[in-house]
Structure formats: structure tokens, C-alpha cells
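Numbering (the numbering used here), first residue to last: 86 to 241.
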């Protein structure tokens with residue numbers, strides 16, 4: 086196994102701050118909708134100055150892209166876990182049905198997160214104008230849905 090360089094305390098603090106900012110951003114979206122998310126409101130909610138937020142995100146597009154990537158990573162983990170928990174004898178159709186149920190369950194349990202995801206999946210450029218930030222979100226969509234695509238391919 087290859088191990089990366091040990092993480093410095095500074096890098097750990099930065100990651101913790103980044104996660105806290107993302108948590109606050111999602112809380113704003115959940116409470117006030119996407120229109121309620123601005124860098125100024127986020128800075129106030131996260132107890133930062135607006136300028137300090139730009140050390141973490143160069144723009145609102147970068148923030149939205151990171152939120153979408155985070156949500157998709159969580160969905161991917163849920164779908165991977167479903168596949169891992171299925172018995173080896175499960176049919177491809179069983180895989181598809183189990184994945185569809187897991188996806189639906191995520192939507193039901195996380196309506197605000199799923200809503201943001203659904204809006205960006207419908208047309209990522211509507212919310213994420215900058216192509217440099219839309220591309221990682223689109224790649225995360227493909228990665229999250231890869232288990233379902235594989236199950237559908239196997240089932241046909």
C-alpha cells in the first residue's frame with residue numbers, strides 16, 4: 086500500500102474549515118433555497134469575512150460545484166454500499182432495483198441536497214456558469230451513476 090505524505094496540522098485545519106463552510110452553505114440552501122445562498126450570507130453564517138471565503142472558493146460557481154461534488158460523492162458511497170451488500174448470486178435486475186431504491190431513499194432522506202443535485206443535473210450550466218467548474222460536477226455525476234449504468238448494461 087502506498088501512503089501519501091503525512092498531513093500537516095495546517096492542512097487538517099484547512100480541510101476542517103472547508104467542510105464547515107460547505108456545511109453552512111448547504112444549510113443556507115436548505116433554509117432559504119438556492120437564491121438565499123450568496124458569498125456574503127455564507128460568510129456571515131460561517132463567521133468569516135467575505136474575502137476570507139475566496140481563499141477556499143474563487144467564486145460562487147466554485148462553491149456550487151464543490152457542493153454538487155460532495156453530494157454526488159455521498160450518493161456514490163450509498164450506491165457502492167448497496168452493490169457491496171448484494172449477494173454474489175443477485176441477478177442484474179436485482180442490482181438495478183436495489184440501486185434505484187437506494188437512490189430514491191437518498192432523495193427522500195436528503196430532499197434539499199437532492200433538490201440541488203437535481204437542478205444541476207437537469208442543466209449544470211444554469212447554476213454553474215463557469216465551464217471550469219461545471220466539468221468537475223459533470224464528471225462527479227458520471228462517477229456516481231456508474232454502478233447503476235453497469236447494472237443496467239448487465240441487465241440488458
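For each residue, glycine too, the CB sits at the ideal point set by N, CA and C.
Quick caveat: nothing in here was measured; it's all calculated off a predicted structure.
Going by beta carbons, residue 184 and residue 232 fall inside the 8 Å limit. Taking all protein chains in view, the Cβ of residue 239 is surrounded by fewer than 16 other Cβ atoms within 10 Å, so the residue is classified as exposed.
The stretch 131-151 and the stretch 103-110 touch, with no fewer than 3 CB-CB distances between them shorter than 8 Å. Selection 135, 190 and 198 evaluated against residue 114 yields 198 as nearest (Cα-Cα). Rounded to the nearest angstrom, the gap between the Cα atoms of residue 156 and residue 174 is 30 Å. For the 8 Å CB-CB criterion, residue 181 and residue 228 do not form a contact. No Cβ-Cβ contact shorter than 8 Å links residue 124 with residue 152. The three-state reading of DSSP puts residue 173 in coil, since its state is none of H, G, I, E or B.
The criterion of a C-beta distance shorter than 8 Å is not satisfied by residue 192 and residue 163. DSSP places residue 92 in no alpha helix (DSSP H); its state is neither H nor E. Here the alpha carbons of residue 94 and residue 134 stand approximately 23 Å from one another. Between residue 119 and residue 201, the gap from beta carbon to beta carbon is short of 8 Å.
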